[in-house]
């Protein structure tokens, strides 16, 4: 900034000599920044005096003030050459179509976001309730699962014991059936033997009775034959 001031500063006046009065034209006023409404207007430069030395010094002071004002306006956010596009859009009035377009886009985006949040809140609440229900179900399962598994294990052991008992009972039933079959076979064999023995005894008794009936007849026949022989031996006149 100091170097810039040195460059814009006029060269020193020559050695004092007689000079004729010179009238300098007024410098053009600096361009007013667009944001100058927030700053007080710069004071107008004083009119040049009739003295050339004073006029030169006043012109140099005016140039310095102009440079300082432009630098201050740039540092404060002023743009002598005009605002950028985004700042011009921000300073646009209510009658600008771009303002209405931006307002419509902002309102539409806000409405869409609000509706999305309004729709997402019940869904998130339902998801929270479902998560709580799942947590309660998991806790209940963790509490009931050990006892249920123990009951299932005991039931399995009881079922296995019952199966073993049924197998033993079926084996005993099979053994009893086999023994009953053997007893039936033995009874049948005994009945057959008794039937054969009864037949043999009946046949022997019949034979004995037949023999008892034939013995007297044989004795009578033998006695009759013996008496005849005796009679024949004695003669016909003997009795």
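In my numbering, the protein residues as written are 150 to 388. Glycine residues also receive a C-beta, built at the ideal position from the N, C-alpha and C atoms.
Note on geometry: alpha-carbon atoms of residue 265 and residue 258 lie some 10 Å from one another. Scanning its chain for C-beta atoms nearer than 7 Å, with the 5 sequence neighbours on each side dropped, one finds no residue around residue 255. DSSP places residue 345 in the helix class (H, G or I) of the three-state scheme. For residue 252 and residue 260, the gap between their C-alpha atoms comes out near 12 Å.
Note on geometry: alpha-carbon atoms of residue 263 and residue 285 lie some 33 Å from one another. Unbroken alpha helix (DSSP H) runs of no fewer than 4 residues, entirely contained in the stretch 272-354, are not found. In this model, residue 339 and residue 354 are separated by some 22 Å (Cα to Cα). When rounded, the separation of the alpha-carbon atoms in residue 308 and residue 272 is 49 Å. Taking C-alpha positions only, residue 356 is separated from residue 349 by approximately 11 Å.
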